[in-house]
Every structure is written in structure tokens, then in C-alpha cells.
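J.:
Here's what the structure looks like:
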């Protein structure tokens, strides 16, 4: 008698198949859950980053308004503003965001590795639209051909300077264009000048923070290219501007006294009586004698007049040379680095360094006048450099970096402000692509803590 197989065997097989199907379905559901969960997480992170970016952008707007407020309400126009220490490197967030004014440290410290904070005085730089070809040639890493090309770009003609470039040269390029034959409108416009590349414009300082970062001092180990010499090659952008102009009005809002004007004798005596006294006015007029109408600068007036630095500081804001509404391209000798001062007529590197060294020992009041320059330079040099210098500053650049919640959403903007009458923004440029101006790790940690608490 044959035994029959139990009926349970096919049923067990079917249950095994169902288990496998259920496992595959469960695996599929888990996979879908992970997929959509990951997508949702990425969407959340993207949304958080976008929000942080918007917060950073608004923080920059707030920083600009704060700077404009300070400039509008500072005690004396034409002077460098003093911001609250907290606005340089904020110790507390601005809501969930934070911002910094990226400034410059001690003049000519090319080995500095820690960031500085504050506004940058545009009058500490050489104006591309007024500098002579000889002045441009004296800039760091400048060549004679490049200086000539810069002058050819801005002049109004097509006459080629030796070594320069005019439209005939630009029209042979792969992407042809003509020479502008007009004034520079920004420092970035230099990239259009034949011979200017990123290395010439920015040098090793590709994040434009004015300090020597580790990746800017490691040779070929990382970008950007550098020579690993322990000193920052900042490129032309660090030393040039297009914004500097000084109003030719006195503290009362009236036109300044033109030392080469037709009525200088009568006007000068009256001003000296008002600001000093009649005896001193008579003495100065007697000393000047036949030199009246021939003086080239307020500094030369100081040399000829015999006034003390304190007396000169009282009359200096009323003096000028020329009848225009503005003096364009003057360099503030009280803040400019030696690299810029050495470019001025009559100056060389040693004399520029002597000026920088001398002003370190002066009190702030003395740096509101150019009188101290006459005591440092030889008389002939002082006369030659006099028409190019001032102690006033009317335009400032703000390099503002900001982050949003948790230190995300880095934004960076470079803004130029003019402080004549009412402070106003005259130029803006997004510099976010240049990256962080310093290590944001500490700021991110602080902001994450604040965000968690909130």
C-alpha cells in the first residue's frame, strides 16, 4: 500500500512565496521612504540655506544703513568715522545673522594673518583717472607697458603711448572691442585693459581681505598661485580707486580761497584776520610778498607763511588751489600706505616710509592736518608733493560679509559711500564669489548655539 503525501506541503510552499513577496514589498516601501525622506531632508536643507542667504542679505542692508548713519552724524565731515567696536567683529548675532566690516590693518603690514575690521578710506589709494603715467609706474608690480595701457584706456584720443594700447590693439583680440577713451568707472574695469589679468588685479589675495591666508602662502600646494615668501602680493586692486574727490568748499559751505585766484591778496588777508588775528595776518602777508598768486598748494603756503602747525590747521580748511567744485584724486597722507605715497611726485620709497613712521607717533588731532608733513620731508620734496595730498577723506568702501542662521548663506558685498552733504551709496558689487574673508568656524559655532536656544 502506497503512502500518500500530506496536503500541507503545497500550502507551506505558498506561504514561503508570500513571505518573500512581502519582504520585497517591504523593502520597496522602505526604499521609497528613504528616497522621499532624503529628498525632503535635502529640500529642507536647501530651504534653510536659502533662508540663511536672505538673512545674510538683509544683515548687509542693515550694515550699510548703520555705516551711513555713522557718516551722517559724525562730528566733522571729511574725517574718518569711528564705528562701535561691536560692529567690527560682532560679539552677538544680529537676530539669527551676523555681519562684519572687513577693514585693513597697519599700513604696509604685508605679513598680517589676522583680519582687521572697519571702513577703508578710498583716499588712501591712487586714483586711476588722475594719476600720471610716472605715478602708475611706481605702483607695486607695475610695468611701464601696463601703465601706458591704463593711460591709453582713459585718455580721450587714439594716440598710442609708447608700450601702450589703443583700439587697434583691442580689435585684434578674439573677442574684439575698442579702447574706452574715457574715465574708469570701477577698479574691476581694469580687467578690460590689455595686459591685466586676475593675477595682476588681485595678486595672491583672491578673497580680497588684505591679509596673508594660509592658502596664499603655500606655493603650488593650493589655489591661488603664490610664491610662499611670507608676504602678501595684493595686486593692483589694493592700491587704486576711481572714487576720490574732495569738495572745494570750506566749513561754512562757501567756496574755498583759491591761492592762485585774482583776488587772493584781499581774500586771504580777510580770512587770516577771521581765523587768527590782524597782527598774524599782517605778518603772513608780509612774508608772502611777491609769492602771492604763485603758490601751488596749501602745504607750500604753510612753508612760505611761517605759521605754526596749530595756526595752519585753523586756516587749512579754507585754502585750495583751483576754481573747480572738486579736487579729484588727492591722496590722504594721514592714512595712505607707503606703497601709495611712494608713487606721488617727488617721493621715493624711503621718504614714504619716513612719513608712515612719523605719523605713528602723532596724536589724532595732528592727523587732521597736513602740517606735520612739512616737518618730515625736505622742503623741495614737500613743495613737489603738496598738490597731491590732503588730510581729508570723503569716500569710504565697505567690504561687508554676513551669514544667516547657523552660519549658513554667506553673502559678501563691496560698497562705496560718498560722505558729501548726506552719506549715500555710489557703487555696489557682489563679492560673494570671492568666498569667506576669514575662517567662519567660530562664528558658525556661536550662531548655532544662539539658534538652538531660540
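Residue numbers (our numbering): 744 to 1197.
Heads up, the beta-carbon is just placed ideally off N, CA and C, and yes, glycines get one too.
1) Excluding the five sequence neighbours on either side, which residues of its own chain have a C-beta within less than 6 Å of the C-beta of residue 785, listed in chain order?
2) To the nearest angstrom, report how far apart residue 950 and residue 958 are at their CA atoms.
3) Sorted by chain position, which residues of the same chain lie with C-beta nearer than 6 Å to residue 981's C-beta, five sequence neighbours on each side aside?
4) Beta-carbon within less than 7 Å of residue 1040's beta-carbon, same chain only, minus the 5 sequence neighbours each way: which residues are those?
5) Exposed or buried, residue 956, counting other C-beta atoms within 10 Å across all chains shown (16 or more means buried)?
6) In the DSSP output, which residue or residues are listed as bridge partners for residue 1140?
7) Who pairs with residue 913 in a beta bridge, going by DSSP?
8) My parser needs the alpha helix (DSSP H) runs of 4 or more residues fully inside the segment 1043–1125; what are they?
9) Considering only C-alpha positions, which residue in the set 1072, 1015, 856, 1073 is nearest to residue 954?
10) Anyone know if the C-beta pair for residue 821 and residue 1137 falls short of 8 Å?
11) Using the rule of at least 16 other Cβ atoms within 10 Å of the residue's Cβ for burial, across every protein chain shown, is residue 918 buried or exposed?
12) Among the residues of its own chain, which have a CB less than 7 Å from the CB of residue 920, if the five just before and after it don't count?
13) By the three-class DSSP mapping on this structure, what secondary structure does residue 994 have?
14) Assuming residue 1155 and residue 1180 are in contact, meaning their beta carbons sit under 8 Å apart, how far apart are those beta carbons, in whole angstroms?
15) Residue 803 to residue 1143, Cα distance in whole Å?
16) So, is residue 968 buried or exposed, given that buried needs 16 or more other C-beta atoms within 10 angstroms?
17) For residue 937 and residue 847, I'd like the C-alpha separation in whole angstroms.
18) Whole-angstrom Cβ separation of residue 1141 and residue 810, contact assumed at under 8 Å?
19) Are there 16 or more other CB atoms within 10 angstroms of the CB of residue 862, so buried, or fewer, so exposed?
20) So does the segment 990–1005 actually touch the segment 1096–1109, counting three or more Cβ pairs closer than 8 Å?
21) Taking C-beta to C-beta, are residue 987 and residue 1162 nearer than 8 Å?
22) Could you name the residues of the same chain whose beta carbon sits closer than 6 Å to that of residue 707, not counting the 5 residues immediately before and after it, in chain order?
23) May I ask you to list the residues that DSSP assigns as paired with residue 984?
24) Answer with buried or exposed for residue 1173, where buried requires no fewer than 16 other C-beta atoms within 10 angstroms of its C-beta.
25) Using only alpha-carbon positions, find the residue among 1085, 884, 1089, 1103 that is nearest to residue 1127.
26) Return the chain-ordered list of same chain residues with a C-beta closer than 6 Å to the C-beta of residue 889, the five sequence neighbours on each side being excluded.
27) May I ask you to report which of helix, strand or coil DSSP gives residue 1027?
28) In terms of residue numbering, what span does the beta strand (DSSP E) encompassing residue 1168 cover?
29) So, helix, strand or coil for residue 1184, using DSSP?
30) When the Cβ atoms of the segment 1073–1086 are set against those of the segment 1020–1027, are three or more pairs found closer than 8 Å?
31) What are the start and end residues of the beta strand (DSSP E) that includes residue 881?
32) Cα-Cα, which of 1119, 1146, 915 is closest to residue 1104?
33) Any idea what DSSP makes of residue 1145, helix, strand or coil?
34) Mind checking residue 839: buried by the 16 CB within 10 Å criterion, or exposed?
35) Going by CA-CA distance only, name the one from 1078, 1091, 1092 that's closest to residue 1102.
T.: The relevant details are as follows:
1) none
2) 11 Å
3) Hits under 6 Å: none found.
4) Around residue 1040: 1064, 1129, 1130.
5) Buried, since its Cβ has 16 or more Cβ neighbours within 10 Å.
6) 863, 1159
7) Answer is none; residue 913 lacks a bridge partner.
8) 1052–1058, 1081–1084, 1092–1103, 1114–1119
9) 856
10) yes
11) Counting the other CB atoms within 10 Å of its CB gives residue 918 a total below 16, which places it among the exposed residues.
12) 913
13) coil
14) 7 Å
15) 7 Å
16) Exposed: under 16 other Cβ atoms inside 10 Å.
17) 29 Å
18) 6 Å
19) buried
20) In the pairwise beta carbon analysis, the segment 990–1005 is classified as not touching the segment 1096–1109: fewer than three pairs are separated by under 8 Å.
21) Not closer than 8 Å, so no.
22) Only positions 744 to 1197 of the chain appear in the structure, and residue 707 is not among them; the question remains open.
23) Bridge partners of residue 984: 870.
24) exposed
25) If we check each option's Cα against that of residue 1127, 1089 comes out closest.
26) 938
27) When DSSP states are grouped into helix, strand and coil, residue 1027 belongs to the helix group.
28) 1167–1173
29) helix
30) no
31) Premise fails: residue 881 is in no beta strand (DSSP E) and is neither H nor E.
32) Considering only alpha carbons, the answer is 1119.
33) Strand at residue 1145.
34) buried
35) 1078
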